[in-house]
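Step one of this worksheet: look at the structure below.
Residue numbers (this note's numbering): 8 to 499.
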């Protein structure tokens, strides 16, 4: 006999055990397939944050940000690695008796631009819009628009801040709260005049217009994008919109369809970003969150009741922001800027009623309470999605099947990869991940953002939770925690 009975029995037993092992593998709740060679967006601009000059005067007290606090801000941002920072000012604050004094408020702006310049962070700079137009008279203020252009020239040419790549004239011009009072033609005329000033100052080749910077909730403002493309043409180097969606809108996936319509209205050869994003509980389905949001704001002495997002203290806000980002990426946008970095930047009802939206309040120890200076959970989620989605990344095609609570994005950057997965449900899930047509290293760092899962280092950094080998062109089963963001990356 060629084989002994013992060999035959051993071989048969191994087949039976293999069959039992295969049948005992838990069935996945969802499957994520990443096409490593199908690129949906060639050049991702990156994710970042709104970082404006600080208010400093808070009514009963006027504070100053110490060198220690600036160092703390720099250190936290160095971990986050924002790729895009939006910075807005009021040029009129630097005008006295119709004369521009660019140094008047410069000390408040300098540390922000110094950071961005030293770290090669792309800056979208701009003016909030006060004093640039007169909506009642339907006229533009040519003198102030000239001052705004001269101020930009001062920053770019005199101070050499070549990190400033785009200029945003008049915040959210479609709104009744804007200086344009929703008047498109008034905004267009101001923008055209301003851009002509940039050309006269030989700045137009250095700084492009970011437009239209409108705030949207539905698909009823698309004409602002199409008219901007027709009227401003090559002056626009970056399109953007602002969104403050409801949790229900994002978690259901409806958000992607809304914002996709705006991306499709803009020229395909010009990038578009989400220039400002945060969550507001505006839909009836989210009324319970809105009631809780107001209750929390009323209970906090320095929180604006009208304009605060009190869930920034909860892990859930980081998951919701990741959910919105994933849909933004899948809708073809090249970046996303969150509102906002720091509570100490802006107030609402009165100077001491702060807009609580930030990752922290850097003046907590000085005045607003020591604990406010600590980083809040969503900082870690957004840091992972900034740090490991670097500028120049190529967005890859991702297909998700099965449980709709599982969502994913993926990218390639200089031969390295990031795959990010969220589970928006309150239950643990099993996931089959199949990376197709991948090259390079198969050992991925694994970060998990979820309550009780952060692997913190010090006061603001993370270490990987694990390192895992992914088998390319094959199924890799992963356990995904409830309400979690998982980031797998080979990017250093």
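From the three backbone atoms N, C-alpha and C, an ideal C-beta is built for every residue, glycine too.
So, with DSSP's three-state summary, where would you put residue i?
i: residue 288; result: coil
i: residue 388; result: helix
i: residue 12; result: Summary for residue 12: the model assigns pLDDT 43, below 50, so the residue's position carries little reliability; its value from the coordinates is reported in the next sentence. Three-state DSSP puts residue 12 in a helix.
i: residue 330; result: helix
i: residue 148; result: coil
i: residue 367; result: strand
i: residue 31; result: Residue confidence for residue 31 is low, a pLDDT of 45 falling below 50, so the modelled location carries little weight and cannot support an answer.
i: residue 177; result: coil
i: residue 118; result: helix
i: residue 417; result: strand
i: residue 429; result: strand
i: residue 356; result: coil
i: residue 324; result: helix
i: residue 123; result: helix
i: residue 483; result: strand
i: residue 468; result: strand
i: residue 406; result: strand
i: residue 446; result: coil
i: residue 183; result: coil
Thinking C-alpha only, which one of the options is nearest residue i?
i: residue 41; options: 462, 406, 236, 496; result: 406
i: residue 454; options: 256, 475, 438, 439; result: 475
i: residue 446; options: 77, 195, 419; result: 419
i: residue 426; options: 83, 432, 105, 451; result: 451
i: residue 423; options: 151, 387, 487, 400; result: 400
i: residue 494; options: 470, 282, 478; result: 470
i: residue 179; options: 110, 305, 50, 195; result: 195
i: residue 267; options: 337, 227, 236, 305; result: 337
i: residue 282; options: 133, 496, 75; result: 133
i: residue 381; options: 330, 225, 366, 393; result: 366
If the criterion is Cβ atoms closer than 8 Å, does the pair residue i and residue j meet it?
i: residue 354; j: residue 90; result: no
i: residue 284; j: residue 345; result: yes
i: residue 86; j: residue 460; result: no
i: residue 188; j: residue 220; result: no
i: residue 139; j: residue 197; result: yes
i: residue 396; j: residue 340; result: no
i: residue 58; j: residue 119; result: yes
i: residue 322; j: residue 457; result: yes
i: residue 159; j: residue 200; result: no
i: residue 254; j: residue 315; result: no
i: residue 409; j: residue 33; result: no
i: residue 222; j: residue 190; result: no
i: residue 35; j: residue 484; result: yes
i: residue 216; j: residue 242; result: yes
Can you say whether residue i is buried or exposed, counting buried as having 16 or more other CB atoms within 10 angstroms of its CB?
i: residue 464; result: exposed
i: residue 490; result: buried
i: residue 270; result: buried
i: residue 481; result: exposed
i: residue 64; result: exposed
i: residue 83; result: buried
Is any beta-carbon of chain B found at less than 8 Å from that of residue i?
i: residue 274; result: Among the chains in the structure shown there is no chain B, since it carries only a single protein chain.
Which runs of the beta strand (DSSP E), 3 residues or longer, sit entirely within the region 41 to 75? 53 to 57
Output the residue ranges of the beta strand (DSSP E) runs that lie fully inside the region 237 to 292 and measure 3 residues or longer, sorted by chain position. 243 to 250, 279 to 284
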